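Trainee:
Numbering (UniProt numbering), first residue to last: 1 to 752.
Dropping the structure here:
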């Protein structure tokens with residue numbers, strides 16, 4: 001049985017060990033048990049090294065370049081992700097409004113409320129909001145205070161991934177994996193954005209790290225910690241956290257170095273830890289009297305369990321999402337793009353995540369073949385099965401899920417792809433004296449170069465020379481890898497370096513484009529203009545759809561907007577926090593718009609009309625606000641809502657959370673989101689809203705926004721009519737106030 005001491009200081013790039021990546025004759029003992037290099041123990045009376053020296057030097061048995069290389073990777077990742085961070089402003093104003101609310105109210109923080117008066121929650125559990133809300137409590141409401149915690153999660157994910165691979169394989173494997181992860185376009189997007197996916201990716205990486213630690217020597221505590229990580233990940237993005245559980249459970253049940261009965265007992269304890277880590281919050285919410293807590297956004301019955309297993313659960317798989325803006329990808333196509341085995345490679349998804357996916361699949365198979373004769377508890381094979389199983393399970397679910405699917409979901413795949421690439425590349429390098437190993441390694445590089453050419457060719461005007469550099473460089477590097485065992489150290493190093501550069505050049509270029517661009521709204525994508533196109537109801541051939549906008553229809557990309565501060569924006573709206581005339585034109589993404597903080601309610605090409613109230617058939621909210629992004633709030637509108645706002649529980653109410661969020665972020669005052677995100681949740685009812693108005697709790701009603709009445713969205717006519725009824729009642733009974741192009745109704749001044 002492999003003990004912890006056998007593996008905890010493993011330095012080799014293969015199962016045979018070794019202190020560093022060897023450039024001499026390749027190893028021929030790949031399947032031998034690892035032998036840990038001796039650890040230099042301090043002599044009696046010898047002074048302990050200073051803390052900073054130990055941080056810089058790392059483990060005594062490591063080559064001197066290892067720890068500086070890791071620190072350089074982490075610092076470079078942090079600087080890359082911090083660059084131009086404020087260009088995204090409040091990013092997804094839906095979550096930023098909840099963060100602001102949580103910074104003002106502990107109750108709102110706990111429940112994940114959209115406003116500090118606790119009318120309704122976001123349509124996810126709140127764990128991902130907690131670090132951002134605490135940051136805003138400390139540093140105040142700014143773009144950096146919201147987004148820096150996401151950057152730190154990205155750096156932490158790279159660090160955890162390095163640690164996982166360094167233990168069993170080598171520092172080189174960890175560094176390769178960390179670099180691949182950091183340079184993945186969708187990772188650069190989501191570790192700089194305030195959606196829950198950053199926390200989810202970090203916790204999923206921690207989960208697999210803990211499982212692999214448990215596989216080393218069968219210690220229960222690591223499997224329990226894995227359960228805790230999954231449970232907390234559930235509180236970030238509900239059932240998506242469970243996607244990797246089947247392969248991990250099977251791998252541990254089969255490969256753990258303890259008796260079978262103990263394996264199942266350990267898995268049971270891990271499940272208990274998972275339920276406890278994620279279930280405590282659910283239990284409190286379900287037991288809390290509904291009358292004294294906010295409505296559970298995204299549900300139709302004010303139940304978090306219904307939200308979990310419906311809209312955020314099985315509905316995402318089968319497309320039956322009550323209250324959703326769409327779904328129904330059955331039959332291969334739908335509003336959320338084409339489904340099928342090639343979904344991760346198509347024009348909608350490929351440029352986000354798939355750059356090294358072919359290589360990962362090749363190297364995963366190679367790792368299994370290499371260890372096919374190893375004993376049951378072989379940790380190299382277990383590692384491949386754990387990371388590769390998570391990759392395959394997640395990719396298959398993403399490929400065939402018929403409900404709501406956004407390109408940025410694929411950030412969950414990034415750590416798995418990076419890990420398999422790091423493990424596979426270093427293991428095959430140590431076996432390069434074998435013809436099949438060198439050919440497989442060269443084949444992985446060739447596939448990556450050819451696929452990189454295809455992806456880069458989808459944006460022919462963006463760095464047109466790069467695709468040829470990737471293709472030619474990759475082919476030359478692959479040729480060198482075939483003969484690497486016969487080459488000298490310098491030529492072998494050149495072949496490896498050229499292969500790596502060619503493999504990551506494409507994703508690096510798209511990552512640099514991503515960090516150089518601001519991203520706002522609910523649907524964002526990585527890379528340059530045209531890199532990711534969401535197809536319409538007829539699939540990709542049915543029209544170009546909108547990038548970063550409402551899926552389906554349209555014939556424009558809806559990208560390259562320019563915010564009011566001159567920053568290039570992706571998505572539809574606020575280039576900066578929506579105060580005064582700052583930010584883009586808001587609303588649904590149009591085509592090559594210029595920011596204009598005072599222009600509101602425009603009909604935009606490829607987008608949806610702004611303007612009137614829901615009762616009047618409009619879609620845009622209170623000045624070009626809409627379903628997928630917030631409104632632009634003029635200084636006059638801001639001043640109107642701030643006047644006497646402290647005399648009311650809510651300064652205003654608006655249909656749809658994106659619309660309400662814009663005004664809340666601009667004024668710092670609670671704004672009720674009628675109907676939640678889509679405007680389709682039955683909260684509040686018309687009777688409840690009338691009582692709020694009678695009791696003097698709401699000052700203004702903001703015209704437009706959401707789907708509640710303008711589109712008949714969602715799958716439930718009863719929920720659709722709730723916000724529509726409220727809008728119709730307000731417009732018929734209260735004084736209309738126009739500020740610029742925005743329309744408000746003063747609920748303290750009835751017309752009858």
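Glycine included, C-beta positions come from ideal geometry on N, C-alpha and C.
These numbers come from a predicted model, not from an experiment.
Among residues of its own chain, excluding the 5 on either side of residue 205, which ones have a beta-carbon nearer than 7 Å to its beta-carbon?
Mentor: Here residue 205 corresponds to residue number 205 of the chain shown, with the count starting at 1. Excluding sequence neighbours, residue 205 sits near 157, 160, 161, 415.
Trainee: Between the C-alpha atoms of residue 409 and residue 750, what's the straight-line distance to the nearest angstrom?
Mentor: Here residue 409 refers to the residue found at position 409 when the chain shown is read from its first residue. Here residue 750 refers to the residue found at position 750 when the chain shown is read from its first residue. Residue 409 and residue 750: Cα-Cα distance of roughly 46 Å.
Trainee: Could you tell me whether the Cβ atoms of residue 532 and residue 407 are closer together than 9 Å?
Mentor: Stepping through the chain shown from its first residue, residue 532 is reached at position 532. Stepping through the chain shown from its first residue, residue 407 is reached at position 407. Taking 9 Å as the Cβ cut-off, residue 532 and residue 407 qualify as a contacting pair.
Trainee: Where DSSP assigns a beta bridge to residue 739, which residues make up the other side?
Mentor: Here residue 739 corresponds to residue number 739 of the chain shown, with the count starting at 1. Residue 739 pairs with 742.
Trainee: How do the stretch 417–426 and the stretch 454–462 stand: do at least 3 beta-carbon pairs fall below 8 Å, yes or no?
Mentor: no
Trainee: In terms of residues, what are the limits of the beta strand (DSSP E) holding residue 652?
Mentor: For the purposes of this step, residue 652 is taken as residue 652 along the chain shown, with counting starting at 1. Looking at the DSSP string, the run of the beta strand (DSSP E) that includes residue 652 is 650–655.
Trainee: Look at the Cβ atom of residue 368, then the Cβ atom of residue 391, and state whether they are nearer than 9 Å.
Mentor: Here the question's residue 368 lines up with position 368 in the chain shown. Here the question's residue 391 lines up with position 391 in the chain shown. Not closer than 9 Å, so no.
Trainee: Work out the CA separation of residue 121 and residue 730 for me, nearest whole Å.
Mentor: Here residue 730 refers to the residue found at position 730 of the chain shown. Here residue 121 refers to the residue found at position 121 of the chain shown. Residue 730 and residue 121: Cα-Cα distance of roughly 24 Å.
Trainee: Identify the continuous alpha helix (DSSP H) that holds residue 190 and give its terminal residues.
Mentor: As a working note, residue 190 is residue 190 in the chain shown. Its alpha helix (DSSP H) spans residues 185–190.
Trainee: List in chain order: all unbroken beta strand (DSSP E) runs of 3+ residues lying wholly within the UniProt domain "Glycosyltransferase RgtA/B/C/D-like" (123–277).
Mentor: none
Trainee: Once DSSP output is grouped into helix, strand and coil, what is the label at residue 640?
Mentor: Sequence index remark: in the chain shown, residue 640 carries index 640 (1-based). Note: residue 640 maps to helix in three-state DSSP.
Trainee: Could you tell me the distance, in whole angstroms, from the CA atom of residue 96 to the CA atom of residue 138?
Mentor: As a first step, residue 96 is located in the chain shown; it is residue number 96 there, counting from the start. As a first step, residue 138 is located in the chain shown; it is residue number 138 there, counting from the start. Taking the straight line from one Cα to the other gives about 15 Å.
Trainee: With residue 124 and residue 221 assumed to form a contact (beta carbons below 8 Å), what rounded beta-carbon distance in angstroms separates them?
Mentor: Your numbering for residue 124 matches position 124 in the chain shown. Your numbering for residue 221 matches position 221 in the chain shown. About 30 Å; that fails the 8 Å criterion.
Trainee: Indicate the three-state DSSP secondary structure (helix, strand or coil) for residue 16 in the structure shown.
Mentor: In the chain shown, residue 16 corresponds to position 16, counting from 1. Per-residue confidence for residue 16 stands at a pLDDT of 35, beneath the threshold of 50, marking its modelled position as unreliable; no derived number is given.
Trainee: Just to confirm, are residue 186 and residue 411 a CB contact at a threshold of 9 Å?
Mentor: Looking up residue 186 in the chain shown gives position 186. Looking up residue 411 in the chain shown gives position 411. Contact flag set, yes.
Trainee: Among 102, 113, 171, whose alpha-carbon lies nearest the alpha-carbon of residue 140?
Mentor: Taking the chain shown and counting its residues from 1, the one referred to as residue 140 is at position 140. Considering only alpha carbons, the answer is 102.
Trainee: Could you tell me whether any non-hydrogen atom of the ligand HEM is closer than 8 Å to the CB of residue 440?
Mentor: Among the components modelled here there is no ligand, and therefore nothing to report on the ligand HEM.
Trainee: Reducing DSSP to helix, strand and coil, say where residue 513 ends up.
Mentor: Counting from one through the chain shown, the residue named residue 513 turns up at place 513. Helix.
Trainee: In this structure, how does DSSP classify residue 404 when only helix, strand and coil are distinguished?
Mentor: Position 404 of the chain shown, counting from 1, holds the residue named residue 404. Here residue 404 sits in coil by DSSP.
Trainee: Shorter than 9 Å from the beta carbon of residue 355 to some beta carbon of chain D?
Mentor: Included in the structure is just one protein chain, with no chain D present.
Trainee: Please state whether DSSP places residue 750 in a helix, a strand or coil.
Mentor: On the chain shown, position 750 is the one that residue 750 refers to. Strand.
Trainee: Buried or exposed: which applies to residue 348, given that a residue is buried once 16 or more other Cβ atoms fall within 10 Å of its Cβ?
Mentor: Mapped onto the chain shown, residue 348 falls at position 348. Classification for residue 348: buried.
Trainee: Return yes when the Cβ of residue 248 is within less than 9 Å of the Cβ of residue 207, no when it is not.
Mentor: Your numbering for residue 207 matches position 207 in the chain shown. Your numbering for residue 248 matches position 248 in the chain shown. Cβ distance < 9 Å, so residue 207 and residue 248 count as in contact.
Trainee: Rounded to the nearest angstrom, what separates residue 757 and residue 65 at their Cα positions?
Mentor: Outside the modelled stretch of the chain, which goes from 1 to 752, sits residue 757, for which no answer is possible.
Trainee: Tell me which residues share the same chain as residue 734 and place their Cβ nearer than 8 Å to its Cβ, disregarding the 5 neighbours each side in the sequence.
Mentor: Indexing the chain shown from 1 puts residue 734 at position 734. Only 701, 745, 746, 747, 749, 750, 751 meet the Cβ criterion.
Trainee: Ordered along the chain, which non-local residues of its own chain (more than five positions away) have a Cβ less than 6 Å from that of residue 131?
Mentor: Working through the chain shown from its first residue, we reach residue 131 at position 131. Same-chain partners within the cutoff: 149.
Trainee: Below 6 Å CB to CB, which residues in the same chain sit around residue 198 once its five sequence neighbours on both sides are set aside?
Mentor: On the chain shown, residue 198 is found 198 positions in, with the first residue counted as 1. So the list reads 150, 153, 190, 191, once near-sequence residues are dropped.
Trainee: Measure the C-alpha to C-alpha separation of residue 305 and residue 687 and round it to an integer number of angstroms.
Mentor: On the chain shown, residue 305 is found 305 positions in, with the first residue counted as 1. On the chain shown, residue 687 is found 687 positions in, with the first residue counted as 1. Cα to Cα, the separation comes out at about 25 Å.
Trainee: Using the Cα positions of residue 98 and residue 527, report the straight-line distance between them to the nearest angstrom.
Mentor: Working through the chain shown from its first residue, we reach residue 98 at position 98. Working through the chain shown from its first residue, we reach residue 527 at position 527. Computed Cα separation, rounded: 28 Å.
Trainee: Below 8 Å on the Cβ atoms is my contact criterion, and I expect residue 70 with residue 175 to pass it. Report the Cβ-Cβ distance as a whole number of Å.
Mentor: Sequence index remark: in the chain shown, residue 70 carries index 70 (1-based). Sequence index remark: in the chain shown, residue 175 carries index 175 (1-based). Indeed, because the Cβ distance is near 7 Å, the residues count as touching under 8 Å.
Trainee: Jot down the residue ranges of each uninterrupted alpha helix (DSSP H) in the stretch 65–134, minimum 4 residues, whole runs only, in chain order.
Mentor: 66–82, 93–104, 106–111
Trainee: First and last residue of the beta strand (DSSP E) that includes residue 700?
Mentor: Walking along the chain shown from the start, residue 700 turns up at place 700. Counting along the chain, the beta strand (DSSP E) containing residue 700 begins and ends at 698–702.
Trainee: Under the three-state reduction of DSSP, which class applies to residue 495: helix, strand or coil?
Mentor: For this step, residue 495 is matched to residue 495 along the chain shown. Residue state, collapsed to three classes: helix.
Trainee: Can you tell which of 466, 361, 471, 439 has its C-alpha closest to the C-alpha of residue 420?
Mentor: For the purposes of this step, residue 420 is taken as the residue at position 420 of the chain shown. It is 361 whose Cα lies nearest to the Cα of residue 420.
Trainee: Pick out whichever of 271, 389, 194 has its Cα sitting closest to the Cα of residue 524.
Mentor: As a working note, residue 524 is residue 524 in the chain shown. Of the candidates 271, 389, 194, the one whose C-alpha sits nearest the C-alpha of residue 524 is 194.
Trainee: State the Cα-Cα distance for the pair residue 346 and residue 354, rounded to the nearest angstrom.
Mentor: Along the chain shown, one-based indexing puts residue 346 at 346. Along the chain shown, one-based indexing puts residue 354 at 354. Residue 346 and residue 354 have their alpha carbons spaced roughly 9 Å apart.
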